[in-house]
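Protein chains: 2
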Amino acid sequence: MAEKDSIRDCIVEAAKKRFSHFGYGKTTMAEVASDCAMSPGNLYRFFPGKLDIAEAIATEDYSRHLEHLRKLAVQPGKDARERLHDLLFEELRRTYHKLEKDPRAYEMARVISQERPKFANWMLENERKILVELLDEAERRGEFKTADKEFTAEMVQSATMKFRYPQLWSKLTLPKLERELEGVMNLLIDGLCPHAAERRQAIQAAE
Amino acid sequence: MAEKDSIRDCIVEAAKKRFSHFGYGKTTMAEVASDCAMSPGNLYRFFPGKLDIAEAIATEDYSRHLEHLRKLAVQPGKDARERLHDLLFEELRRTYHKLEKDPRAYEMARVISQERPKFANWMLENERKILVELLDEAERRGEFKTADKEFTAEMVQSATMKFRYPQLWSKLTLPKLERELEGVMNLLIDGLCPHAAERRQAIQAAE
DNA sequence: AGATTGAACGATTTGTTGATTATTCAGAAA
DNA sequence: TTTCTGAATAATCAACAAATCGTTCAATCT
Numbered sequence: 001m002a003e004k005d006s007i008r009d010c011i012v013e014a015a016k017k018r019f020s021h022f023g024y025g026k027t028t029m030a031e032v033a034s035d036c037a038m039s040p041g042n043l044y045r046f047f048p049g050k051l052d053i054a055e056a057i058a059t060e061d062y063s064r065h066l067e068h069l070r071k072l073a074v075q076p077g078k079d080a081r082e083r084l085h086d087l088l089f090e091e092l093r094r095t096y097h098k099l100e101k102d103p104r105a106y107e108m109a110r111v112i113s114q115e116r117p118k119f120a121n122w123m124l125e126n127e128r129k130i131l132v133e134l135l136d137e138a139e140r141r142g143e144f145k146t147a148d149k150e151f152t153a154e155m156v157q158s159a160t161m162k163f164r165y166p167q168l169w170s171k172l173t174l175p176k177l178e179r180e181l182e183g184v185m186n187l188l189i190d191g192l193c194p195h196a197a198e199r200r201q202a203i204q205a206a207e
Numbered sequence: 001m002a003e004k005d006s007i008r009d010c011i012v013e014a015a016k017k018r019f020s021h022f023g024y025g026k027t028t029m030a031e032v033a034s035d036c037a038m039s040p041g042n043l044y045r046f047f048p049g050k051l052d053i054a055e056a057i058a059t060e061d062y063s064r065h066l067e068h069l070r071k072l073a074v075q076p077g078k079d080a081r082e083r084l085h086d087l088l089f090e091e092l093r094r095t096y097h098k099l100e101k102d103p104r105a106y107e108m109a110r111v112i113s114q115e116r117p118k119f120a121n122w123m124l125e126n127e128r129k130i131l132v133e134l135l136d137e138a139e140r141r142g143e144f145k146t147a148d149k150e151f152t153a154e155m156v157q158s159a160t161m162k163f164r165y166p167q168l169w170s171k172l173t174l175p176k177l178e179r180e181l182e183g184v185m186n187l188l189i190d191g192l193c194p195h196a197a198e199r200r201q202a203i204q205a206a207e
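Those protein sequences? They're chains A and B, same order as listed. The first sequence begins at 1 in this note's numbering and counts up by one. The second sequence begins at 1 in this note's numbering and counts up by one.
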């Protein structure tokens, strides 16, 4: 079985190289197979299809990212607002960076979420769990107060949806997107209610 | 000049019928021209191109919608929360309805915002103006309090972006979308801050 | 003159063909 | 038996041709 795993790894590694070099579309199964010194047909004993290889790669990469997010969500020295800020900004920056600097990775992400909506959904769920952790901790410290944290996390994701879909960015620069995310976040935290605004002003005056 | 206008109207009417019957793509300029008993070439004395006819139709229709929205935004008997609710829900329902019941109109809207980003932008601006009116009136009554209303309106639009793009709905039903919009709206109004939540509870207890 | 036409032009779309490629599976190799 | 191969298959893609359609404009009409 260890043998099987190492062959699997070989396939993933070869595909990773090819995908990031030539792109998902321009990589053929025959090429990946020959990189691992096997026939194309044999690949299918290890993966159901080409897309599943891409998914394995994406999952691995995304898991690392998720760990990073989790750390941001529970930073000890920062208050809930700052932690939420770090979390949301990190996601925006990652997406923007992939789009700008790594078109191959972006192509892969696009194909996967197109063909496998379940995968995109799984990512959202994972991030929602982290948001719930953040909200839990924030309530414990008396910073935020929400009735249903699972639902609230869903609403935060809904309200920041725009920052996850480059198609909606219409050539906005990263600084502009960041300013906008900052604004939405402040609205989500403080709301439109007067006392929140007063509190915000009091804090700013104190600084 | 009155003559010119009536010819223009004839073109718009003919195109409106054809577009809503067969769709924008399946309607030819020659057909519209023959409906108005003129040659295709003559159309171009009244409109720069096919897309401009569609834009004229969309503008007319959208202006009516905008008037409706404006009324909702300033309803005398309702508080700011209710008026914002009515405004956002009306837009969601209109979009959903177009998508479900009127694929021709949806096709037209899609083509226009694709080919004429300026037009989509103009619509957003108009709705933003209405939002600003709403925020102004709300501040006057001491309901909401925001520093920069233009910016706040932009942020409200940003946070409710998801409900404007059916591509992001992934087969969600209207009731589910409405529940989600309701949640986002509550978050925007009350925020995550504790006093807002307390106030909400106090109000609910009083009812 | 100004208004209108409709043939001509070029861009876009549609349809078709051939090649490429993902996937399968009967059989060979281990 | 289990593991693997590679030719066969079917789906997808690319390239090209044909047709369609938006748009223009020289010629015609009023």
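Note that beta-carbon positions come from the ideal geometry of N, C-alpha and C, so glycine has one too. Predicted model only: the values in this text are computed from it and were never measured.
- Gly25(A) touches chain B at which residues, Cβ-Cβ below 7 angstroms? Stepping through the first sequence from its first residue, residue 25(A) is reached at position 25. Neighbours of Gly25(A) on chain B: none; closest Cβ ~22 angstroms, over 7 angstroms.
- Query: What residues from the region 146-160 of chain B come within 8 angstroms of chain A, judged by C-beta to C-beta, listed N to C?
  - Reply: Cβ contacts with chain A come from Thr146, Ala147, Phe151, Thr152, Glu154, Met155, Val156, Ser158, Ala159, Thr160.
- Query: Closer than 7 angstroms, CB to CB, is Val223(B) near chain A or not?
  - Reply: Nothing about residue 223(B) can be read from this structure; chain B reaches only from 1 to 207.
- Item | First through last residue of the alpha helix (DSSP H) which encompasses Thr59(A) | Reading the first sequence from its first residue, position 59 is the one you call residue 59(A). Note, Thr59(A): alpha helix (DSSP H), 50-73.
- Message: Mapping the DSSP letters down to three states, classify Tyr24(A) as helix, strand or coil.
- Response: For the purposes of this step, residue 24(A) is taken as the residue at position 24 of the first sequence. Tyr24(A) falls in the coil class under three-state DSSP.
- Task: Scan the region 63-144 of chain B and note each continuous alpha helix (DSSP H) run of 4 residues or more that stays entirely inside, going in chain order.
- Result: Annotation: the region 63-144 of chain B contains the following complete segments of the alpha helix (DSSP H) (minimum length 4 residues), in chain order: 80-101, 103-115, 117-140.
- Query: At least one CB of chain B closer than 7 angstroms to the CB of Val184(A): is that the case?
  - Reply: Locating residue 184(A) in the first sequence gives position 184, where the first residue counts as 1. Yes, Val184(A) lies at the interface with chain B (some Cβ there is under 7 angstroms from its Cβ).
- Task: Closer than 8 angstroms, Cβ to Cβ, to anything on chain A: give me those residues from the region 101-118 of chain B, in chain order.
- Result: Pro117
- Query: How is the alpha helix (DSSP H) around Pro175(A) delimited, first residue to last?
  - Reply: Against the first sequence, residue 175(A) aligns to sequence position 175. Here the alpha helix (DSSP H) through Pro175(A) covers 174-190.
- What first and last residue would you give for the alpha helix (DSSP H) that runs through Ala216(A)? A query on residue 216(A) cannot be resolved here, the shown segment of chain A reaching from 1 to 207 and no further.
- Under a three-way DSSP split, which group does Ser215(B) fall into? Residue 215(B) is absent from the structure shown; chain B starts at 1 and stops at 207.
- Checking contacts by CB at 7 angstroms: is Glu127(A) closer than that to chain B? Residue numbering aside, residue 127(A) sits at position 127 when the first sequence is read from its first letter. With its beta carbon at least 7 angstroms from every one in chain B, Glu127(A) lies outside the interface.
- Contacts of Glu82(A) in chain B (Cβ-Cβ under 7 angstroms): Here residue 82(A) refers to the residue found at position 82 when the first sequence is read from its first residue. What Glu82(A) touches in chain B: nothing, since even the nearest Cβ is about 13 angstroms away.
- Item | Minimum C-alpha distance to Leu72(A) - residue among His85(A), Ala138(A), Ile189(A) | Stepping through the first sequence from its first residue, residue 72(A) is reached at position 72. When each option's Cα is compared against that of Leu72(A), the closest is His85(A).
- Query: Within the 7 angstroms Cβ cut-off, does Lys171(B) reach chain A?
  - Reply: Translated into the one-based positions of the second sequence, residue 171(B) becomes position 171. Output row for Lys171(B): interface = no.
- Can you give the Cα-Cα distance for Ile11(A) and Thr59(A), rounded to whole angstroms? Against the first sequence, residue 11(A) aligns to sequence position 11. Against the first sequence, residue 59(A) aligns to sequence position 59. Each residue's alpha carbon lies about 15 angstroms from the other.
- Query: Where does Ser39(A) sit, in a helix, a strand or coil, going by DSSP?
  - Reply: Residue numbering aside, residue 39(A) sits at position 39 when the first sequence is read from its first letter. The three-state reading of DSSP puts Ser39(A) in coil, since its state is none of H, G, I, E or B.
- Quick one: Cα of Lys17(A) to Cα of Tyr96(A), how far? Here the question's residue 17(A) lines up with position 17 in the first sequence. Here the question's residue 96(A) lines up with position 96 in the first sequence. Answer to the nearest angstrom: the Cα atoms are 22 angstroms apart.
- Query: Is the CB of Lys176(B) under 7 angstroms away from at least one CB in chain A?
  - Reply: Looking up residue 176(B) in the second sequence gives position 176. It does not; no Cβ of chain A falls within 7 angstroms.
- Item | Nearest neighbour of Ser170(A), chosen from Ser39(B), Glu67(B), Arg116(B) [CA to CA] | As a position in the first sequence, residue 170(A) is number 170, starting the count at 1. That would be Arg116(B), whose Cα lies nearest to the Cα of Ser170(A).
- Using a C-beta cutoff of 7 angstroms, does Glu91(B) count as contacting chain A? Residue numbering aside, residue 91(B) sits at position 91 when the second sequence is read from its first letter. Not an interface residue.
- Item | Given Ala138(B) as reference, the closest of Ala80(B), Lys26(B), Ala14(B) once Cα atoms are compared | Here residue 138(B) refers to the residue found at position 138 of the second sequence. The shortest Cα separation from Ala138(B) among Ala80(B), Lys26(B), Ala14(B) belongs to Ala80(B).
- Hey, out of Lys162(B), Ile53(B), His65(B), whose CA is closest to Val184(B)'s CA? Numbered from 1 along the second sequence, position 184 holds the residue referred to as residue 184(B). The shortest Cα separation from Val184(B) among Lys162(B), Ile53(B), His65(B) belongs to Lys162(B).
- According to the Cβ coordinates, are Gly191(B) and Gly77(A) closer than 7 angstroms? Taking the first residue of the second sequence as position 1, residue 191(B) is located at position 191. Taking the first residue of the first sequence as position 1, residue 77(A) is located at position 77. In this structure, Gly77(A) does not lie closer than 7 angstroms to Gly191(B) by Cβ.
- Message: Arg83(A) and Leu134(A) - do their beta-carbons sit closer together than 7 angstroms?
- Response: Taking the first sequence and counting its residues from 1, one reaches residue 134(A) at position 134. Taking the first sequence and counting its residues from 1, one reaches residue 83(A) at position 83. Going by C-beta atoms, Leu134(A) is nearer than 7 angstroms to Arg83(A).
- Query: What is the DSSP secondary structure of Ser34(A), counted as helix, strand or coil?
  - Reply: The residue you call residue 34(A) lines up with position 34 of the first sequence. Note: Ser34(A) maps to helix in three-state DSSP.
- Item | Phe47(A) in three-state terms, based on DSSP | If you number the first sequence from 1, residue 47(A) lands on position 47. Three-state result, Phe47(A): coil.
- Check Lys171(A) in the structure and name its three-state DSSP category. As a position in the first sequence, residue 171(A) is number 171, starting the count at 1. If DSSP states are grouped into helix, strand and coil, Lys171(A) belongs with coil.
- Rounded straight-line distance, which links the Cα of Asp9(A) to that of Ala197(B): The count along the second sequence starts at 1 and reaches residue 197(B) at position 197. The count along the first sequence starts at 1 and reaches residue 9(A) at position 9. In this prediction, Ala197(B) scores a pLDDT of 48, lower than 50, which makes its location untrustworthy; the coordinate-derived value is nonetheless stated afterwards. Approximately 51 angstroms between the Cα atoms of the pair.
- With a Cβ-Cβ cutoff of 7 angstroms, do Pro166(B) and Leu99(B) count as a contact? Here the question's residue 166(B) lines up with position 166 in the second sequence. Here the question's residue 99(B) lines up with position 99 in the second sequence. The answer is yes: Cβ separation under 7 angstroms.
- Cβ of Ala197(B) within 7 angstroms of any chain A Cβ: For this step, residue 197(B) is matched to residue 197 along the second sequence. Confidence is the limiting factor: at Ala197(B) the pLDDT is only 48, short of 50, which leaves the residue's position unreliable and the question unanswerable from this model.
- Does any C-beta atom of chain B lie closer than 7 angstroms to the C-beta of Glu180(A)? Counting from one through the first sequence, the residue named residue 180(A) turns up at place 180. True, the Cβ-Cβ gap to chain B drops below 7 angstroms.
- Query: Are any of the Cβ atoms in chain A nearer than 7 angstroms to that of Lys162(B)?
  - Reply: Counting from 1 along the second sequence, the entry for residue 162(B) is found at position 162. Residue-level contact by beta carbon holds for Lys162(B) and chain A, with a gap shorter than 7 angstroms.
- Message: Would the region 42-55 of chain A count as touching the region 145-161 of chain A if we require 3 or more Cβ pairs under 8 angstroms?
- Response: no
- Query: Count the other CB atoms within 10 Å of the CB of Ala109(B); is the residue buried (16 or more) or exposed (fewer)?
  - Reply: Stepping through the second sequence from its first residue, residue 109(B) is reached at position 109. Ala109(B) counts as buried, since no fewer than 16 other beta carbons sit within 10 angstroms of its beta carbon.
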